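Single-structure report; data block below.
Number of protein chains: 2
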Amino acid sequence: MKSGLKVIAPASVSNLACGFDTLGMAIDIPSDEMIGKWVDTPGVHIIEITGKKKDIPLAADHNIAGITATALLKHLGEDGRGLELRIHKHIPGGSGLGSSASSATAAAVLVNELLNRPLEKRDLIRFALDGEMVASGSRHGDNVVPAMIGGLILIRDILTYDYHRIYTPRGLFMAVLLPEISISTRTARQILRPDVPLQSMVKQGANLGSFVIGMHNTDLELVRRSLEDLVIEPQRKHLIPHFDNIQETALEMGALGCSISGAGPAIFALCQEKLQATDIAAAMQKVYDDHKLPARSFVGGIHQEGTVLK
Amino acid sequence: MKSGLKVIAPASVSNLACGFDTLGMAIDIPSDEMIGKWVDTPGVHIIEITGKKKDIPLAADHNIAGITATALLKHLGEDGRGLELRIHKHIPGGSGLGSSASSATAAAVLVNELLNRPLEKRDLIRFALDGEMVASGSRHGDNVVPAMIGGLILIRDILTYDYHRIYTPRGLFMAVLLPEISISTRTARQILRPDVPLQSMVKQGANLGSFVIGMHNTDLELVRRSLEDLVIEPQRKHLIPHFDNIQETALEMGALGCSISGAGPAIFALCQEKLQATDIAAAMQKVYDDHKLPARSFVGGIHQEGTVLK
Numbered sequence: 006m007k008s009g010l011k012v013i014a015p016a017s018v019s020n021l022a023c024g025f026d027t028l029g030m031a032i033d034i035p036s037d038e039m040i041g042k043w044v045d046t047p048g049v050h051i052i053e054i055t056g057k058k059k060d061i062p063l064a065a066d067h068n069i070a071g072i073t074a075t076a077l078l079k080h081l082g083e084d085g086r087g088l089e090l091r092i093h094k095h096i097p098g099g100s101g102l103g104s105s106a107s108s109a110t111a112a113a114v115l116v117n118e119l120l121n122r123p124l125e126k127r128d129l130i131r132f133a134l135d136g137e138m139v140a141s142g143s144r145h146g147d148n149v150v151p152a153m154i155g156g157l158i159l160i161r162d163i164l165t166y167d168y169h170r171i172y173t174p175r176g177l178f179m180a181v182l183l184p185e186i187s188i189s190t191r192t193a194r195q196i197l198r199p200d201v202p203l204q205s206m207v208k209q210g211a212n213l214g215s216f217v218i219g220m221h222n223t224d225l226e227l228v229r230r231s232l233e234d235l236v237i238e239p240q241r242k243h244l245i246p247h248f249d250n251i252q253e254t255a256l257e258m259g260a261l262g263c264s265i266s267g268a269g270p271a272i273f274a275l276c277q278e279k280l281q282a283t284d285i286a287a288a289m290q291k292v293y294d295d296h297k298l299p300a301r302s303f304v305g306g307i308h309q310e311g312t313v314l315k
Numbered sequence: 006m007k008s009g010l011k012v013i014a015p016a017s018v019s020n021l022a023c024g025f026d027t028l029g030m031a032i033d034i035p036s037d038e039m040i041g042k043w044v045d046t047p048g049v050h051i052i053e054i055t056g057k058k059k060d061i062p063l064a065a066d067h068n069i070a071g072i073t074a075t076a077l078l079k080h081l082g083e084d085g086r087g088l089e090l091r092i093h094k095h096i097p098g099g100s101g102l103g104s105s106a107s108s109a110t111a112a113a114v115l116v117n118e119l120l121n122r123p124l125e126k127r128d129l130i131r132f133a134l135d136g137e138m139v140a141s142g143s144r145h146g147d148n149v150v151p152a153m154i155g156g157l158i159l160i161r162d163i164l165t166y167d168y169h170r171i172y173t174p175r176g177l178f179m180a181v182l183l184p185e186i187s188i189s190t191r192t193a194r195q196i197l198r199p200d201v202p203l204q205s206m207v208k209q210g211a212n213l214g215s216f217v218i219g220m221h222n223t224d225l226e227l228v229r230r231s232l233e234d235l236v237i238e239p240q241r242k243h244l245i246p247h248f249d250n251i252q253e254t255a256l257e258m259g260a261l262g263c264s265i266s267g268a269g270p271a272i273f274a275l276c277q278e279k280l281q282a283t284d285i286a287a288a289m290q291k292v293y294d295d296h297k298l299p300a301r302s303f304v305g306g307i308h309q310e311g312t313v314l315k
């Protein structure tokens, strides 16, 4: 225990075109790492943040991981402890890939592991949600839950922790393009119109229901038809340069669907297999390269374990 | 063939609380019957309508069954034929139980059977939809498809016949109260606000997705939580006297959900088994009896076959 325990927390793609504030999927691209150990000085001490650390405060009471760890220690009657954290962020903040959520789930799982698992993962979710709330100002769970327990998740009602794992056929892969621009979740929410045409609600709901059926039945053509966003994407896509071009490229190359991940600017393309995802990620990257715009791309399968001890 | 062939077409409950214009379920309450035979005089001749025949015209070119049969005969190059139809309506029009849809599916299946099944049922759906369109002014398929093929159906996009059967656990039963008032589908549509709050869209969609998961996983408590209508029911329930009282009664007695069937006035309560449905139907009936208001009640399982030769 001298060097501490290490946990990893995956990135996640939320919304998934047809499930605004409802669907989220943990993905196996470079994950956040957090190392923790007990120290003599009481309180939570973040001694190091490396990687995509832009704008992340070291002060534990302003840091999502620090806030989550502190709240969980208090809940467990262990707030007299001294905890030292070292954080390596692979998931950049403001990317739409659930960076805040992963910081929160990593801290919650790490504290729980250090204390020899007094709680189940499902009991840790609320501490991670509370921690994420500090950053995003909202508490939806469509990143926190998949980051915590892995897989593809539908949130029915996060206030009552009413979330459900959706079966996913084998082999699905994500291609992700992450333009190097920052979009704040608050801004991305503020631009949304407060109302939706009734007919759009009907179509969006039918797509969400069909997406679930398609996944359950391994009917990937149905999944493809269902991955359509009539409501949110049209209002947000202008925030991301060349979005239409990228989406068209991915769909022409056979992606099952392509839309904005969370509040963006990350763009995901759900693919049927790894090779296709690799090709599509390269093609999406090329759109930005051709315009001399900075971006990175990733491919990864569905992360089925969520946040775990490494 | 002297007496003709007989088909039966079931009633259907559409919307199902969380799936406006999307979900429909065929139910095994008294079904429409239609008897047809070839006659010498060309054209479609409706010689008799019995039962709940209020306002149903005998003239074939103004009658849903007549219009559907005529269109199908023409499509099959059989419009030189003479067809005589006798219709026994058990499903009253303007009830919210898919009466028009059942007239249309019955006529389509009857013509197809008389011609020794040149088409599959899935090919008959568009003729039934066209026929129903004449009556309701809209073409949603959430009654026609379940009435035709049976079971619980999700319509993703009726324009492309993109509909899907949802697995249903064994034993589910419907209790239905049919108040003897008439609500036109057109009126029930006209009172709906054209827009929906974004947050209601999110919750309604999450309920629809959860309903599918609940059915697939035989998680009836999830089905229960998902059978909630935040959008349509609040705008329509004032059209049905004592709706709140009936809904409360059904839910208190353990119904999984209770809401308006289609455009109403029929009220459905989805139940876990037949005895519960029987008790709940009696209790819903009692609410109307106590107020000296006319209504009828039914119980029935899910009609899995749809419109069939009897």
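Same order as they appear, the protein sequences are chains A and B. Residues in the first sequence are numbered from 6 upward in steps of one, following my numbering. Residues in the second sequence are numbered from 6 upward in steps of one, following my numbering. We treat Cβ as the ideally placed atom computed from N, Cα and C, and that holds for glycine. Keep in mind it's a predicted model, so treat the numbers as computed, not measured.
- Per DSSP, S100 of chain A has no beta-bridge partner at all.
- DSSP places D60 of chain A in the coil class of the three-state scheme, outside both helix and strand.
- Judged by beta-carbon spacing, R131 of chain A lies within the 9 Å limit of Y166 of chain A, meaning their Cβ atoms are closer than that value.
- Within chain A, the residues R161 have their CB atoms less than 8 Å from the CB of S231 of chain B, given in chain order.
- Considering only A:N212, A:S205, A:H221, A:L298, the residue with the shortest C-alpha distance to I245 of chain A is A:L298.
- Inclusion of L102 of chain A and S17 of chain A in the CB contact set at 9 Å is warranted, their separation being smaller than that value.
- Listed by position along chain B, the residues whose Cβ is nearer than 7 Å to that of Q209 of chain A are M206, G210.
- For D162 of chain A, the enclosing beta strand (DSSP E) covers residues 157–162.
- Rounded to the nearest angstrom, the gap between the Cα atoms of D224 of chain B and L157 of chain B is 16 Å.
- Listed along the chain, the chain B residues whose CB falls inside 7 Å of the CB of D26 of chain A are V207.
- Within the model, the alpha-carbon separation for D294 of chain B versus L256 of chain B is close to 19 Å.
- Using a Cβ-Cβ cut-off of 9 Å, G156 of chain B does not count as an interface residue toward chain A, since no Cβ of chain A sits closer than that to its own.
- For D200 of chain B, a Cβ of chain A is located within less than 9 Å of the residue's own Cβ.
- At least one C-beta of chain A is nearer than 9 Å to the C-beta of S215 of chain B.
- DSSP places K94 of chain B inside the beta strand (DSSP E), whose first and last residues are 87–94.
- Across the set B:Q252, B:C263, B:R241, B:H243, the C-alpha of B:C263 shows the shortest separation from the C-alpha of L232 of chain B.
- M39 of chain B sits close to A70 of chain B, with the two beta carbons spaced by under 9 Å.
- In chain B, no part has a C-beta under 7 Å from the C-beta of L261 of chain A; the shortest such distance is about 15 Å.
- Annotation: S108 of chain B to G210 of chain A spans about 28 Å, alpha carbon to alpha carbon.
- L182 of chain B sits away from I54 of chain B, with the two beta carbons spaced by 9 Å or more.
- In the DSSP assignment, P151 of chain B falls within the alpha helix (DSSP H) that extends over 149–154.
- In the DSSP assignment, A287 of chain A falls within the alpha helix (DSSP H) that extends over 279–295.
- Of all residues in the stretch 166–181 of chain B, the ones placed with a Cβ closer than 9 Å to any Cβ belonging to chain A are D167, H169, R170, I171, Y172, in chain order.
- In the displayed model, I72 of chain B falls within a helix according to three-state DSSP.
- Look at H80 of chain B here: in three-state DSSP terms it is helix.
- Cβ proximity to chain A below 7 Å picks out nothing from the stretch 283–305 of chain B.
- By the Cβ-count criterion, S36 of chain B is buried, with 16 or more other Cβ atoms from all chains shown falling within 10 Å of its own Cβ.
- Selection A:N222, A:S215, A:P97, A:K242 evaluated against R230 of chain A yields A:S215 as nearest (Cα-Cα).
- A Cβ-Cβ separation of about 7 Å places K94 of chain A in contact with I61 of chain A under the 8 Å criterion.
- DSSP places I130 of chain A in the helix class (H, G or I) of the three-state scheme.
- Bounds of the beta strand (DSSP E) holding L183 of chain A are 178–184.
- Note: H67 of chain B is not bridge-paired with any residue in the DSSP secondary-structure output.
- Contact check for A180 of chain A and M289 of chain A: beta-carbon distance about 6 Å, within the 8 Å limit, so the pair qualifies.
- A:E238 is the residue among A:K291, A:V313, A:P270, A:E238 whose C-alpha sits nearest the C-alpha of C23 of chain A.
- Counting the other CB atoms within 10 Å of its CB gives D45 of chain B a total below 16, which places it among the exposed residues.
- Ranked by Cα distance from A112 of chain B, the options B:A300, B:R170, B:L77 are led by B:L77.
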